[in-house]
Structure formats: structure tokens, C-alpha cells
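K.L.:
Quick note: the sequence shown uses this note's numbering, first residue 3, plus one each step.
Once you've had a glance at the structure underneath, I'll fire off some questions.
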Amino acid sequence: MAPVRVLIVDDHAMVRIGLKHCLASYGDTVVVGEAGNGREAVRQAEACQPDVVLMDLVMPELNGTEATRQIKARWPEIKVLALTSFIEEQYITAALEAGAEGYVLKDIEPPDLVAAIQKAHRGEVPLDAQAARVIVNSWRSTAAGPGHPAAASPLTDREVEVLRLAAEGKSNRDIAAALVISEKTVKAHISSILAKLGVQNRVQAIRYGRQTGLLSS
């Protein structure tokens, strides 16, 4: 399989150099161009025709959100992956509404970044767990509306049971025995819980459940 062609867009030269060095260590990707601002990103997208654009959001001349919008309008087949330090809702929402396939933070580990690029290239939606949580919390707040109680838990009663048992340190086998279900079903519940809460693993799910009161007795 041919490597994914990547265009790096960031207004800091050292960041671009670091990303190029990082991606060069993996055979799954190849950097075909770089740009230091949004306007240059649009020009480079036309010249290089990358598979995926790694897009910073806050840049001079033209910000990453508007550059994303222009690139997706002209070349919808090009995937854009926002790569930023910002976790505020307005940045996440703006990038996704502009057409970005995903949103990850700059503290992401190199293998995870490569995996995110591959996911974006396949049409999936790589989304940082913190960003997903911000979106979910915003949705809950909007759904509840002013003067109304918080929106209901996104988990089913059985999923809450599974999460509560996981929080007690039980393995999938123990959970299956406690609930009289198969381990395969437990794994399916865990996968559903992670997806609904926008987290990457059960530790994050348990932390989220405790912080939000989902696991309160």
C-alpha cells in the first residue's frame, strides 16, 4: 500500500521540522509539502494534492479553520486533520464545521499521530478524547437547556453496570460472571461505553464516570 501523502501546515518552523522528522520515521506516511500560514496551505494543497493535511488552527494571514474550509470546498477528497494546542469548544466546533475530518492535540504521541493520519485518510474521524468530551458536554448542556436538569446519561443501565464493575477493578471475565453474560458481550459493552463517552480506554471511562457522578451510588 502506498504511503499517505501529507502536507504539514504550521506557522512555527520548528514544529514543521519536528513533524517532518517524526513522520519520516514511519513508512506509512510521506511529507509532500509544508506551509507556514493558511493562505500558503491552500496554494500547497493545489500544488501537492496531498492525501491528508495536518492543519494548525491559529496562523497569520489566513487561519487554519478558513484554510480548511477553502481546501474542502475545492478538493473535497483531501482530508484535513486539525493538529493544535487548543481544546476550547469554539476551536473544535469551528474546525469540524469547516470540514476537518478529525481533531488531535500537539501533545499526541508519534505512533498515535500516524494512526490518526491513517484514520483520516480512510474517512474515519480521529478525535482527541478531551475534544470529544468537550463536544459531549456541550451537547448535554444544550440538550438540557436553561433551567432544566442535566441531560440523561448516554449509557444504558447495563453499560453503567459494566462500567461500575470495571471501576471496582474487575476483569472482563469477572464482569461476565457477575452479570451472567459472555466475555464477548462485556467487550462489546466496553467498546460502546468508550465510543459514547469519547474516551480511549477504560481508565479514562472510569475517571469520566466518577467526575460526572455517573458512578455515584
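All C-beta atoms in this analysis are idealised placements derived from N, C-alpha and C, irrespective of residue type, glycine included.
1. Give me the DSSP bridge partner(s) of Glu-36.
2. With respect to the beta strand (DSSP E) encompassing Thr-86, which residues constitute its N-terminal and C-terminal limits?
3. What number of angstroms, rounded off, separates the C-alpha of Trp-77 from the C-alpha of Ala-84?
4. Starting from Met-57, follow its DSSP beta bridges and name the residues at the other end.
5. Would you please state the rounded distance, in angstroms, between the beta carbons of Val-55 and Val-11? I believe it to be under 8 Å.
6. Could you pull out every residue in the same chain whose Cβ sits closer than 8 Å to the Cβ of Ala-1, ignoring the five residues on either side in sequence?
7. Using DSSP's beta-bridge definition, name the partner residues of Tyr-93.
8. Whole beta strand (DSSP E) runs in the stretch 154-184 with 3 or more residues, listed along the chain?
9. With a 10 Å radius around its C-beta and 16 neighbouring C-beta atoms as the bar for buried, classify Asp-114 as buried or exposed.
10. What would DSSP say about Gly-211, mapped onto helix, strand or coil?
11. Check Val-127 in the structure and name its three-state DSSP category.
12. For Gly-104, which of helix, strand or coil comes out of DSSP?
13. Please say whether Ile-192 and Ala-168 have beta carbons closer to each other than 9 Å?
14. To the nearest angstrom, how far is the alpha carbon of Ala-180 from that of Asp-159?
15. Taking the alpha carbon of Pro-229 as the reference point, which residue from Arg-204, Tyr-28 and Met-3 has its own alpha carbon closest?
16. Would a C-beta distance cut-off of 9 Å place Arg-7 and Val-32 closer than the cut-off?
17. Take Ala-122 and list the residues in its own chain whose beta-carbon comes closer than 8 Å to its own, dropping the five residues that flank it on each side.
18. Less than 9 Å between the C-beta atoms of Arg-124 and Gly-101, yes or no?
19. Can you give me the C-alpha to C-alpha distance between Ile-73 and Val-201, rounded to a whole angstrom?
20. Just checking my contact of Met-57 with Ala-49 at CB under 8 Å: how many whole Å lie between their CB atoms?
P.N.:
Reading off the structure:
1. Residue pairing for Glu-36: DSSP places it in a beta bridge opposite Ile-10.
2. In the DSSP assignment, Thr-86 falls within the beta strand (DSSP E) that extends over 81-86.
3. Roughly 17 Å between the two C-alpha positions.
4. Met-57 pairs with Val-11 and Ala-84.
5. So it is a contact: roughly 6 Å between Cβ atoms.
6. Since the first and last residues shown for the chain are 3 and 219, residue 1 lies out of range.
7. Per DSSP, none; premise fails for Tyr-93.
8. Taking only runs of at least 3 residues, no beta strand (DSSP E) segment lies wholly in the stretch 154-184.
9. Asp-114 should be labelled exposed.
10. It is helical.
11. Val-127 falls in the coil class under three-state DSSP.
12. In this structure, DSSP gives Gly-104 an extended state, which the three-state scheme calls strand.
13. Going by C-beta atoms, Ala-168 is nearer than 9 Å to Ile-192.
14. Their Cα atoms are separated by approximately 15 Å.
15. Look at the range of the chain in this structure, 3 to 219, and you will see that residue 229 is not part of it.
16. The Cβ atoms of Arg-7 and Val-32 sit closer than 9 Å to each other.
17. Within the same chain, and ignoring the five residues on either side of Ala-122 in sequence, the residues whose Cβ sits closer than 8 Å to its Cβ are Val-54, Lys-81, Val-82, Leu-83, Glu-103, Gly-104 and Pro-128.
18. The Cβ atoms of Arg-124 and Gly-101 do not sit closer than 9 Å to each other.
19. Cα-Cα distance, rounded: 29 Å.
20. That pair is no contact at about 16 Å.
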